[in-house]
Amino acid sequence: MKDVRVRTRFAPSPTGYMHVGNLRTALYAYLTARANNGDFLLRIEDTDQNRQVEGAIDIIYNTLRETGLLWDEGPDCGGPVGPYVQSERKPIYKKYAEELIEKGAAYYCFCTKERLEELNNLQKAAGQITKYDGHCASIPLEEAKARVAAGEAYVIRQRIPKTGVAGFDDINFGHIEVDVSTLDDQVLLKADGMPTYNFANVVDDHLMNINPVIRGTEYLSSAPKYNLLYAAFGWEVPDYVHCPPVMKDATHKLSKRNGDASYEDLVEMGYLTDAILNYIALLGWSPGNEQEIFSLEEMVKIFTVERINKSPSIFDIEKLRFINGEYIRRLSAEAFAEKAMPWVDKAVKGSCNKKLLIELLQQRCEILGDIPEQVDFIDALPEYDTELFTSKKMKTDPETAKAALNLLVPVLQGVEIFTVENVHAAIFNLIEKEGVKNGYMLWPLRVAITGKQFTPGGGIELAVVLGKDETLKRIGVALKKLGA
RNA sequence: GGCCCGAUGGUCAAGAGGUCAAGACACCGCCCUUUCACGGCGGUAUCCCGGGUUCAAGUCCCGGUCGGGUCACCA
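For this note's numbering, count along the first sequence from 1 and bump the result up by 337.
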């Protein structure tokens, strides 16, 4: 990289949700800035008036704040090179576009949409690449200016050289070069006076001293055109880092339009913010060693753009689940309780020992969204078949279960205060007295009070979660089922 | 279709000419265990194909195949 102050930016357009690929690009830009003691900027690219989505900017702010990708300069906090919203920079682009015209690197174009569409159709029909035919490129500047002055609608187009090659250098992809004949005289300034992305990003990245420029590979093929612009202005080109897309599968990009999860969706499903960030960091980047779990701070220490992969990677929710589970298990009991409580409260309306329940849950959840299914037996005992009492491994069946439960009832009744310690002591005392295996008593107990094959805890813990009365009531139900 | 980019197990990936190609997820088996899970141990599975260069190629070159991107007054 160049020996200049590192300043990166995240430059989303406010068109809705924050998708995972976007968030990853923001993360890489953030990490690059922090790792080099540089600046991280937020710039809103709202030059397409028609695509604005209400509330989209708030989603961007919220997501970045929640994930801890805090910016040093941006629309809300300002900074030395503002404004940071492109629509507020309109006059700047006009000035620079006109400068390009004076330099001969751009020209006024008066072609109507109809003409362009027709041209486009013709070219497509002929199997050619679609590009502007240069119809207005040769209009004498004075004449063009007069038409502009007369109020005629116009756009400003980049004048691509007739011959030669254009190229650029990417830190990971290396030097990429194309023949200028493949390049289009792209629109720089639209009829409404707004710049296109192609122009705005060049002007802004230069004016905001961005280096390196970090963005998606969708810009790989237009980068040569951007460098032509830098050259026309006489500006130094920045370092580039292009990041490959995040895929849904081998052939489709991850996108909300296909119903794929956005950052917000993942949070709603019960994934932890830090885990999401950790996982997406690993999608297309690796630290080069075997570490997989790291905090934002740790990532800052080990991140380098050189280790970003060049090929697309597929978003694997299974791996995210695993990492999320790791995060959940590493949470302090208090922190987990805080996160889990809303989920438990929502899933359990009646009363029970939620503190203990949550303790159990921390070891058995990969995502918070696992909670409802784990605790669905608490409010109401599910319907179950007595065959559930049969366990080959525990050597139990409905008959032994009936016997065990009958033994258990008086013992549990004798436990004054239902704590894990007390219930455990009482039951194990019974087990010893009867000379049976643990499972002989405990399997029937667990089945009787939960009606489920898999539960978040063992019979003792769950009896305490449910409480003495409810436990005895459910054992009574089981005994009745077993024909006692 | 033209141009650009990419390609290591099912997935994420390490590897940057020279040990039997790391590790993780998932999957399978075993152990632990009052279920499941956690944890521990072990296992199956990969260099897209074809040519070259080299004593030696997953690593370099060429071609092909496949995949992605781009070809808007969207970003």
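Virtual Cβ for every residue (Gly too), placed ideally from N, Cα, C.
Opposite residue i in the DSSP bridges: which residues?
i	result
Y577	D507 and V550
K590	M584
H356	S599
T733	S728
Y444	R494
W622	I645
L379	F347
D516	V502
G411	G415
E688	The sequence shown places Ser at residue 688, rather than the Glu named in the question. For S688, which the question treats as bridged, DSSP gives no partner whatsoever.
V524	R494
S650	V583
P532	L526
V422	I381
Any idea if residue i is buried or exposed, counting beta-carbon neighbours within 10 angstroms, 16 or more meaning buried?
i	result
T345	buried
Q423	buried
R644	exposed
Q750	exposed
D529	exposed
H579	buried
N615	buried
F822	Outside the modelled stretch of the chain, which goes from 338 to 821, sits residue 822, for which no answer is possible.
A762	exposed
G788	buried
G796	buried
G392	exposed
T756	exposed
D707	buried
G464	exposed
L633	buried
A677	buried
N690	buried
Got a sec? Which residues, its chain only, sit under 8 Å from residue i by beta carbon, not counting five neighbours each side?
i	result
R388	S350 and T352
V712	V681, A684, V685, L694, L698 and P793
A434	A443, I493, L525, L526, P532 and F536
G662	C702, E703 and I704
T733	F726, T727, A741, G776, Y777, W780 and P781
K510	Checking the sequence shown, residue 510 turns out to be Phe, not Lys. L557, H579 and K647, listed in sequence order.
D507	I513, L557, A560, Y577, V578 and H579
Who are the Cβ neighbours of residue i in its own chain at under 7 Å, not counting the five residues just before and after it?
i	result
H356	L591, S592, K593 and S599
S648	P581
A785	L742, R811, I812 and A815
L603	I613
N457	T467
Relative to the alpha-carbon of residue i, which residue among the options has its alpha-carbon at the smallest distance?
i	options	result
A372	L744, F714, K638 and K817	K638
D470	L478, E454 and K585	E454
A317	V515, V502 and F447	Here the chain has residues from 338 to 821 only, and residue 317 is not among them.
T533	D383, V583 and F652	D383
R658	L609, E696 and A670	L609
L718	V760, L799 and I764	L799
C414	L379, V583 and L745	L379
G375	A366, T404 and V343	V343
W572	G553, N546 and I551	N546
L809	E724, G820 and R783	R783
D522	H472, R402 and K461	H472
E710	L520, M606, T369 and Y563	M606
A366	A348, Y354 and K468	A348
A474	F377, E451 and G441	G441
F640	G621, K461, P417 and D385	G621
I381	G358, I508, V515 and W408	W408
N548	Y563, V574 and K562	V574
N359	V748, E634 and R552	R552
I651	I715, V748, L619 and M636	L619
V746	E807, F505, R426 and T519	E807
E720	F673, Q386, K818 and E489	K818
Y445	V583, K482 and P420	K482
Suppose the cutoff is 6 Å on Cβ atoms and the five residues either side in sequence are ignored; what does the same chain contact list for residue i look like?
i	result
T315	Lying outside 338 to 821, the shown extent of the chain, residue 315 is not represented and no answer is given.
V517	I497, P498, G501 and A503
Practice task
May I ask you to verify whether the region 550-567 touches the region 398-413, counting CB pairs closer than 8 Å and requiring at least 3?
Solution key: no
Handout entry: Cβ pair count under 8 Å reaching 3, the region 575-589 against the region 627-636
Key = no
Practice task
Examine the Cβ distances between the region 772-789 and the region 680-687 and report whether three or more of them are shorter than 8 Å.
Solution key: no
Problem - Inter-stretch contact (C-beta, 8 Å, three-pair minimum) for the region 566-573 and the region 656-675 - result: no
Handout entry: Three CB pairs or more closer than 8 Å across the region 540-555 and the region 413-430
Key = yes
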